[in-house]
Amino acid sequence: MRLTDIRLILAIPLLITSAIGPVLSQTCTISGSGTINWVNASPPTCIEGGTAGSASIIVVPVGVTLNFDSNPDTWTGTRIEVLGTLRISAPGQVTINSNIVVKNGGLLSIDSKLNLGSTSGCGYTLIVETGGTVDITGGTPDRLNICGVEIARGGGAGCNPYPAGPLPYCEPGGGFTGPTGFDENGYNPTLPVTLLYFIAESSGNQIVLTWATEKEEGFDKFVIQRAVGNLSFKDLGEIRGAGYDTHSLREYEFTDDHPLLGTNYYRLKAVDLDGSFEYFGPVSVVYQGERILWVTPNPASGERVILHMNFSPADGDRIQFFNQVGALLKDVSASRVNGEIQFEQPLIPGVYLIRYNAATFTQVVRFVVAR
């Protein structure tokens, strides 16, 4: 998929089952303000906790300049998202083994040599979204290399007009401004993925996600995912893309009917027609609402049900199952229930009740067995 301009502010919930989804790589939003110098031995701290050295995605927020100012400076990860300023000022060169996305209002300032990877076929890219800028500031010595190929320099002899080429490009007046993109072959106008916004809003006991694209190329679908504190993401649903190639505004909406209490983490998995994918997010949202219990499938076959709850059971909480005449069929500790409930003998068709007993509340839900 191809996108530019992403604004992430969202929320949605997770069902409790025994299966665990794909694990999210840690995102680090650089904490603090002003200029923060990168030090390999002691990387900057993250708003989410920890340091950027162990993160897979680094976000440079508005008001922060992340400065790689020493020749040994390096970082390896999935991508760096630049909303503030990413400055490469080391005497010599800096190697960053990841993709870089310069977002609306962001600036990548190269006052040195920046290597995105160092070997042919590394696969790293530089995406400049609408409103973003790349400035190779110091003339001929200051350069951008991708996968060992010189892509652009600040000017002087030995460079050629952008984007006609050939490589390397001379920086145009005002810098390289978005939307544009580069890989090891040079200018690639199909790189930007154009996601205009991504928003989540509470609506009663639901959370509604909305997002929009202005460009989709070779794109198949969005997979909406959610996690809790362990950052193990699970799929919530899918929405197909608008088409193979579109260049107009497309709006999407997804409703989470069962938000989890507390802090939820969300992301979009954008899947291309060739099976390749990329993630947008994660972001965190605190949901405050009622404790809810529900059962799927409903109607059920009578051999098993899956019990979902939007909260974590406390010690001492019990779950009881009753048949249609009120006889107790099963009484288990809520903390031992991990999604699927199996019945020793298949239940006969009829109406059944599940009662959740806690110190501070009791809830009863009904499910039907039909064959």
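The opening residue of the sequence shown carries number -11 in our numbering; numbering runs sequentially from there.
For each residue, glycine too, the CB sits at the ideal point set by N, CA and C.
Of the candidates ALA188, ASN85, ASN298 and SER42, the residue whose Cα lies closest to the Cα of THR62 is ASN85. A check of alpha carbon separations from ASN133 across ILE76, THR118, THR165 and PRO149 identifies ILE76 as the nearest. Taking all protein chains in view, the Cβ of ILE98 is crowded by 16 or more other Cβ atoms within 10 Å, so the residue is classified as buried.
Listed in chain order, the beta strand (DSSP E) runs fully inside the region 140 to 205 are 168 to 171, 183 to 191 and 194 to 201, counting runs of at least 3 residues. Counting only residues of its own chain and dropping the five nearest sequence neighbours on each side, GLY105 has a CB closer than 6 Å to the CB of ASN85, TYR112 and CYS135. According to DSSP, TRP63 shares a beta bridge with ILE84. Remark: three or more beta-carbon pairs, one from each stretch, lie closer than 8 Å, so the region 325 to 333 and the region 282 to 292 are flagged as touching. Going by beta carbons, GLY93 and GLY119 fall inside the 8 Å limit.
Within the region 92 to 143, the complete beta strand (DSSP E) runs of at least 3 residues fall at 95 to 98, 101 to 104, 114 to 116, 121 to 124, 131 to 134 and 137 to 141. When DSSP assignments are scanned along the region 228 to 275, the uninterrupted stretches of beta strand (DSSP E) that are 3 or more residues long and fall wholly within it turn out to be 238 to 244, 250 to 260 and 265 to 275.
Nearest Cα to GLU159 within the set VAL50, VAL89 and PRO149: PRO149. Residue environment for ASP319: exposed (fewer than 16 other C-beta atoms within 10 angstroms of its C-beta). When LEU335, GLY38, ASN25 and ILE212 are compared, the shortest CA-CA separation from ASP244 is found for ILE212. Around the Cβ of ASP305, a 10 Å sphere holds 16 or more other Cβ atoms; the residue is buried. Annotation note: the region 290 to 347 contains no uninterrupted alpha helix (DSSP H) run of length 4 or greater.
Straight-line measurement puts the Cα of GLU189 at about 25 Å from the Cα of CYS34. Judged by their CB atoms, GLY206 and ASP260 are nearer to each other than the 8 Å cut-off.
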